[in-house]
Structures are given as C-alpha cells and as structure tokens.
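Residue numbers 1 to 202, in the UniProt record's numbering, belong to the letters of the sequence shown in order.
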Amino acid sequence: SDFITRITIKNLLKKIKVYFPNDVGKDWLCYCESLLEKSENQIALFDAIIVAIFHVGSDDYKIAFVSKYVPQEAKISYDKIDRKLLSIQEGICRFAQFSRPPVPLECILPYIKGDYVQYCLPMFGSYLNNLPMPQCIKFVSAILNTPVSIQKHALRLAFQCFSVEDLTNLIENVWKTTKNVSLRMTIYKALFEKIENVDQSY
C-alpha cells in the first residue's frame, strides 16, 4: 500500500542519513536539487523531494535550502506568484517538521506569516509532540509576539506546554494588553478545556 511504501522510504532515508551521509547522501541531495530545478510544477514530486531533503540533508544544507525560498510577502498573490515556487514554499512549511534536529527557529519563523500559516499547522502539532519541552516552549514563545491570526495558535499551544506560573502570567498579560475579542475567546476556550480535563482526571 502507499502507507507501507512511505514508511519504507522514510526508513531508507534515515539509514542514508546515519550511515552514508558523505557519499550516498550527497548524491541523493544532488539528484533532488536537479529534479527541483528541471521539473515543472509537480506537487507530489516536490513534496517527496522536500521530505527527502529534511531527512537526509545536513544542518547547513537544510538552512541554505529553507533560506533560499523564504516568502517575501505574507499575502500570496495567487494570480501572480510562480506556481512552482509556491509549491516548494508550501512543501517547506508542511515538511520542515521532519528535520532532526529541527531547522533553527530563526530560519523557519519567516514562513509563519499571513497566507502561509495554514501550511504550517502540521508543524505546530508535530513540534509540540516531538520536540524536547525547552525547545517547544522556545518555539511557542517566539510565535506569541505575532499578528492575531498566528497568536491564536500560539496561545493554544501554550496551554499544552507552559508551566502553570508561565501560563498564568501569559493570560494576564494578553488580557491586559489586548481587547481583541478573537484572542480573548481563544483564551477562554483553552482555559475551559484545560479545567475540564483536570476535572475529568480526578
């Protein structure tokens, strides 16, 4: 099945990264680069290539790759943007979560904006579940000081990884500094769910 095939390929990529980073790994990355350069806009192919890059690439390679395609504008002009470029940017947003270690925060933050946020949502959940807690908290803290559309996601994540003290300070600070109804509703719902979950655990 497709699922078994994906698992098998993912395991192969991991073994290449561990055992053959300087020969097979580099050849694989060169092949991926050539496919990206020569191919027309083929979303499935680009997705597979980007997943491979995040599994096999060195830290420096992944940083250079991510930095090369940073969106210049938060809003996507669908009638003007190069569709191939957009497919690559979307792929980076969706699949950066597979990088181990994670792509440095300062390199991935430029993607978490405007119309690109929708493609970053899988990354948010993956980081919460897979990153060491200090790194997860650092990531959430970084996206708290953002426009409301992103800040709402950051607040929901904070309820899952912040300590009680830090969460209390965050709620008080946001409540005092903004009257945005959407943000306040996000806090209210997250707080209600947290209290409800605590009650159910007893």
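Idealized CB from N, CA, C, for every residue including glycine.
Cα-Cα separation between residue i and residue j, rounded to whole angstroms
| i | j | result |
| --- | --- | --- |
| Ile-49 | Arg-94 | 13 Å |
| Ala-142 | Tyr-69 | 21 Å |
| Ile-4 | Ile-16 | Model confidence at Ile-4 stands at a pLDDT of 47, short of 50, so the residue's coordinates are unreliable and nothing is read from them. |
| Ile-63 | Lys-26 | 15 Å |
| Thr-177 | Asn-145 | 12 Å |
| Pro-122 | Ile-150 | 14 Å |
| Ser-1 | Asp-23 | Any reading at Ser-1 must be qualified, since the residue scores a pLDDT of 45, below 50, and its modelled position is unreliable; no value is offered. |
| Ile-92 | Leu-183 | 28 Å |
| Lys-189 | Val-164 | 17 Å |
| Asp-82 | Gly-57 | 25 Å |
| residue 211 | Cys-120 | The shown model of the chain, from 1 to 202, leaves out residue 211, and the question about it has no answer. |
| Glu-193 | Thr-186 | 11 Å |
| Asn-41 | Leu-105 | 28 Å |
| Asp-59 | Cys-32 | 16 Å |
| Asp-79 | Trp-175 | 39 Å |
| Lys-152 | Pro-132 | 22 Å |
Residue from the options whose Cα sits closest to the Cα of residue i
| i | options | result |
| --- | --- | --- |
| Leu-86 | Pro-21, Ser-58, Phe-46 | Phe-46 |
| Pro-134 | Lys-152, Gln-160, Thr-146 | Gln-160 |
| Val-51 | Phe-20, Leu-12, Asp-79 | Leu-12 |
| Ser-77 | Gly-114, Glu-172, Ala-158, Lys-10 | Gly-114 |
| Phe-20 | Leu-36, His-55, Cys-120, Gln-42 | His-55 |
| Pro-102 | Ile-53, Asn-197, Cys-30 | Ile-53 |
| Lys-10 | Ile-171, Ser-99, Arg-156 | Ser-99 |
| Tyr-116 | Lys-152, Pro-132, Lys-75, Ala-154 | Lys-75 |
| Ala-44 | Glu-172, Lys-84, Leu-170 | Lys-84 |
Neighbourhood of residue i by C-beta, 7 Å cutoff - its chain only, sequence neighbours within 5 removed
| i | result |
| --- | --- |
| Cys-107 | Ile-63, Val-66, Ser-67 |
| Gln-97 | Pro-122, Met-123, Ser-126, Tyr-127 |
| Tyr-61 | Leu-29 |
Contact set for residue i: own chain, Cβ-Cβ below 6 Å, skip 5 residues either direction
| i | result |
| --- | --- |
| Pro-110 | Val-70 |
| Asn-129 | none |
Integer Cβ distance of residue i from residue j, believed to fall under 8 Å
| i | j | result |
| --- | --- | --- |
| Leu-36 | Ile-88 | 7 Å |
| Asn-180 | Val-148 | 6 Å |
| Ile-137 | Phe-162 | 7 Å |
| Leu-167 | Ala-154 | 12 Å between Cβ atoms; not a contact. |
Residues near residue i by beta carbon distance below 8 Å, same chain, minus five either side
| i | result |
| --- | --- |
| Glu-73 | Gly-114 |
- Item | Whole runs of the alpha helix (DSSP H) within the segment 103 to 127, excluding any shorter than 4 residues | 105 to 108
- Query: Considering only residues of the segment 22 to 100, which uninterrupted alpha helix (DSSP H) runs meet the minimum length of 4 residues and lie entirely inside it, listed in chain order?
  - Reply: 24 to 38, 43 to 56, 59 to 68, 83 to 95
- Task: Could you tell me which uninterrupted beta strand (DSSP E) segments, each at least 3 residues in length, are contained entirely in the segment 128 to 152, listed from first to last along the chain?
- Result: none
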